[in-house]
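Working notes, structure below.
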Amino acid sequence: MTMSASFAEIGRVLGPARVLEDEPTRLAASRDSWPQALGWGPEELSRRRPAAVLKPRDEKGVAAVLAWASAEKRGIMPRGAGSGVLGAAVPPGPESVVLDASSLDEKFELDLRPERPSVACGAGMLGSNLEARLQSKGWSLMHFPQSMEDSTAGGWIATDSFGQLSTRYGGITDQALWVKAALPDGSFRTEE
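Each number in the numbering used here comes from the position in the sequence shown (counting from 1) with 78 added on.
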């Protein structure tokens with residue numbers, strides 16, 4: 079697969095296999111599960127198709143993508159599992175680039191201090207995988223949005239997710255102890 083010159087620099091940082099410019103990948107990233115977008119024909123999908131899909135594997139890769147996009151003046155559309163139903167993950171046009179967070183799913187750190195048990199996970203971890211890993215250790219997040227099987231922890235934070243037990247345990251904002259967020263210049267900020 080040949081990489082276009084406009085993505086060569088970020089391709090050297092991420093690795094060529096993490097810069098996807100093929101038609102099927104770009105087409106799949108041109109909509110989320112928004113009912114209006116599900117009815118779009120080829121012409122509308124073509125208008126929304128991003129220039130590329132970038133798949134960093136870690137925080138360093140996310141920082142590199144954001145710093146590169148800032149320097150290149152490229153719009154970035156973050157995407158987790160694409161399960162959103164409001165069009166928030168729909169790229170604005172063919173010059174935009176999708177930052178696919180699905181590879182940010184390896185981090186899983188369980189802290190069992192009695193005064194404040196917690197789990198830290200990657201933004202791309204699917205909710206069902208997070209819950210399965212917690213349950214294998216005898217724990218549960220007690221956050222069960224309807225999209226549990228196909229939504230990510232990062233998507234929950236981005237959309238202020240609520241779930242089936244939210245009246246008792248609150249939404250994700252009530253449960254999150256801290257969030258490490260990537261800023262447009264590639265730096266990070268942690269918020270409690």
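From the three backbone atoms N, C-alpha and C, an ideal C-beta is built for every residue, glycine too.
Taking C-alpha positions only, D110 is separated from P120 by approximately 15 Å.
Put simply, the region 162 to 179 touches the region 131 to 145. At least three CB pairs are less than 8 Å apart. For L243 and M220, the gap between their C-alpha atoms comes out near 7 Å. The region 224 to 254 contains, as complete alpha helix (DSSP H) runs of 4+ residues, the segments 231 to 237, 244 to 247, 250 to 253 (chain order). For the pair S84 and L105, the Cα-to-Cα distance works out to about 19 Å.
Classified as exposed, T80 has fewer than 16 neighbouring CB atoms from the shown chains inside 10 Å of its CB. Checking the DSSP bridge columns, you'll see P156 partnered with L177. For P195, the closest C-alpha among the options S265, L255, G264, A149 is that of L255.
Where L219 is concerned, there is no enclosing alpha helix (DSSP H), because DSSP gives it neither an H nor an E. Taking C-alpha positions only, V97 is separated from R211 by approximately 30 Å. Burial state of E187 is exposed, judged by a 10 Å Cβ sphere holding fewer than 16 other Cβ atoms.
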